[in-house]
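**Q**
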Amino acid sequence: MGYQNILIIKPSSLGDVVHALPVLGVLRKRFPDAEITWLIRREFAPLLSCVQGLDATLLFERQLLGRWYRPSGFAALRDLIGRLRRGHFDLALDLQGLLRTALLGWLSGCPVRVGSASAREGAPLFYTHRVRRPDDSLHMVDLYRAMLQAVGVDDFEPYVRLEPPAAATDAVRALMEDSGLEPGRFAVLIAGAAHETKRWPIDRFAAVAEHIVNKYGLAVAAVGSPGEKKIIAALQQAGVVPIADLCGRTTIPQLVALLAQAALVVSNDTGPGHIAAALRRPTVLIFGPTNPAWVGPYQQPEAIAAVEPQQRGSAIRSRRPAHRIDQVSLRMVLGAVDRQMTAHRGEQHR
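Per this note's numbering: the sequence shown ends with 557, consecutive numbering throughout.
Okay, structure coming up:
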């Protein structure tokens, strides 16, 4: 069947949106003349400027929509529903899997609505096509592949090319010069995360920085959101090597441009780390309570440092003491760093 107006529903979060990007590329290849729209939260929408094939975005204003019972929230919800209906969508893919996103797909009037059969909060009630996960360890990207297959899209390319706008690249070039960073001669540390349970101890990040400087001769920079200034300050205080503070100094497209030029990225399980992995940069992501078999870098086991990295079943945020992020040792992360650097240097000399 040839769909003409396609809606991708994936409002958040940044790392999860990165995992969903291949869906856009596959749909564009399969339906080259279709109008493709992405429903996304405002703060993550700039990432979509780094990919090709998208026609429009609809902004999911979570704070307003979460207060739909107030006049401002009700007006925002009514406006969004109106925009959805005017899209005349004939295919909607709910990649978020929550009641509110499933409801929006249903309220759009779209006749074909695809989602996971194991989606939460009763969301599957609003899908016309419910896709089951055949295995508890199935990666999120493979679930998206199965969702596309449910509507006859079989060819799936799991990787996406991220290309920041020229203005972002120019801004990062100036930022790097100001910070004393040379292309391909610096590492990026990402010590923050939205949840404290996903933050590896700061003193261990500082030890990683020292290892990178002493063994590989790289400069080190730290990035994060404006609200993570204290984390970066603590990292600088705990370390014995210089760490450039780029916290809050990049937009998302600029962050893509910066990470694309890094020799190495070491990160907690957070959006910027997943961007680095999608860019195919040498990356080490540290997992504690989250399950890398489900949400880790796709088909990149060498980029994962975690306790029992591929054996957690369907747990998204395990509460088991054995899965606390501080159970990931410094030795494990340094070993992953060395393997990534060795592999990358081997590729450069081929």
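Where is the CB? At the ideal position from N, CA and C, for every residue including glycine.
It should be emphasised that the depicted structure is a prediction, and the values quoted were computed from it without experimental measurement.
In terms of alpha-carbon separation, which member of Val225, Leu265, Ala227, Cys257 lies closest to glutamate 242?
**A** Along the sequence shown, read from residue 1 onward, the residue named residue 242 stands at position 35. Of the listed residues, the one whose Cα sits closest to glutamate 242 is Leu265.
**Q** Roughly how many angstroms lie between the CA atoms of glutamate 364 and histidine 295, to the nearest whole one?
**A** Numbered from its first residue, the sequence shown carries residue 364 at position 157. Numbered from its first residue, the sequence shown carries residue 295 at position 88. About 27 angstroms.
**Q** Would you list the one or two residues that DSSP bridges to phenylalanine 494?
**A** Translated into positions along the sequence shown, residue 494 becomes position 287. Bridge partners of phenylalanine 494: Ala513.
**Q** Have a look at the DSSP bridge pairing and note the partners of tryptophan 313.
**A** Position 106 of the sequence shown holds residue 313. Note: tryptophan 313 sits in no beta bridge, so no partner.
**Q** For the beta strand (DSSP E) holding leucine 214, just list the boundary residues, first then last.
**A** Locating residue 214 in the sequence shown gives position 7, where the first residue counts as 1. Taken as a continuous stretch (DSSP letters only), the beta strand (DSSP E) holding leucine 214 covers 212–216.
**Q** What's the C-alpha gap between tyrosine 210 and threonine 457?
**A** Counting from 1 along the sequence shown, the entry for residue 210 is found at position 3. Counting from 1 along the sequence shown, the entry for residue 457 is found at position 250. Answer to the nearest angstrom: the Cα atoms are 37 angstroms apart.
**Q** Who pairs with asparagine 475 in a beta bridge, going by DSSP?
**A** For the purposes of this step, residue 475 is taken as residue 268 along the sequence shown, with counting starting at 1. The partner list for asparagine 475 (beta bridge, DSSP) reads Ile493.
**Q** Counting only the same chain and skipping the five closest in sequence on each side, list residues whose C-beta sits under 6 angstroms from that of lysine 436.
**A** The sequence position of residue 436 within the sequence shown is 229, counting from 1. So the list reads Cys454, once near-sequence residues are dropped.
**Q** With a Cβ-Cβ cutoff of 8 angstroms, do leucine 314 and isoleucine 288 count as a contact?
**A** Residue mapping note: residue 314 aligns to position 107 of the sequence shown, counting from 1. Residue mapping note: residue 288 aligns to position 81 of the sequence shown, counting from 1. Yes, the pair counts as a contact, with Cβ atoms nearer than the cut-off.
**Q** What does a CB cutoff of less than 8 angstroms around leucine 442 pick up in its chain, not counting 5 residues either side in sequence?
**A** The residue you call residue 442 lines up with position 235 of the sequence shown. Cβ neighbours of leucine 442 beyond the five flanking positions: Leu396, Ala398, Ile409, Phe412, Ala413, Ala416, Ala429, Ile450.
**Q** Would you kindly work out how many angstroms separate the C-alpha atoms of leucine 382 and glutamine 259, rounded to a whole number?
**A** Translated into positions along the sequence shown, residue 382 becomes position 175. Translated into positions along the sequence shown, residue 259 becomes position 52. Straight-line Cα distance between these residues: approximately 26 angstroms.
**Q** So, is the C-beta of leucine 265 closer than 8 angstroms to a C-beta in chain B?
**A** Among the chains of the structure shown, chain B does not appear; only one protein chain is present.
**Q** Going by C-alpha to C-alpha distance, which of Ala401, Ala357, Asp533 sits closest to leucine 298?
**A** Translated into positions along the sequence shown, residue 298 becomes position 91. Considering only alpha carbons, the answer is Ala357.
**Q** Terminal residues of the continuous beta strand (DSSP E) containing glycine 222?
**A** Looking up residue 222 in the sequence shown gives position 15. Counting along the chain, glycine 222 falls outside any beta strand (DSSP E), though it belongs to the alpha helix (DSSP H) covering 221–237.
**Q** Alpha carbon to alpha carbon, how far is glutamate 268 from serine 279? Give it in angstroms, no decimals.
**A** On the sequence shown, position 72 is the one that residue 279 refers to. On the sequence shown, position 61 is the one that residue 268 refers to. Cα-Cα distance, rounded: 11 angstroms.
**Q** Span of the beta strand (DSSP E) holding alanine 324?
**A** Within the sequence shown, residue 324 is the residue found at index 117, counting from 1. Alanine 324 -> no beta strand (DSSP E), and no H or E assigned at all.
**Q** Report the three-state DSSP secondary structure of aspartate 297 (helix, strand or coil).
**A** Position 90 of the sequence shown, counted from the first residue, corresponds to residue 297. Of the three classes helix, strand and coil, the one that applies to aspartate 297 here is coil, per DSSP.
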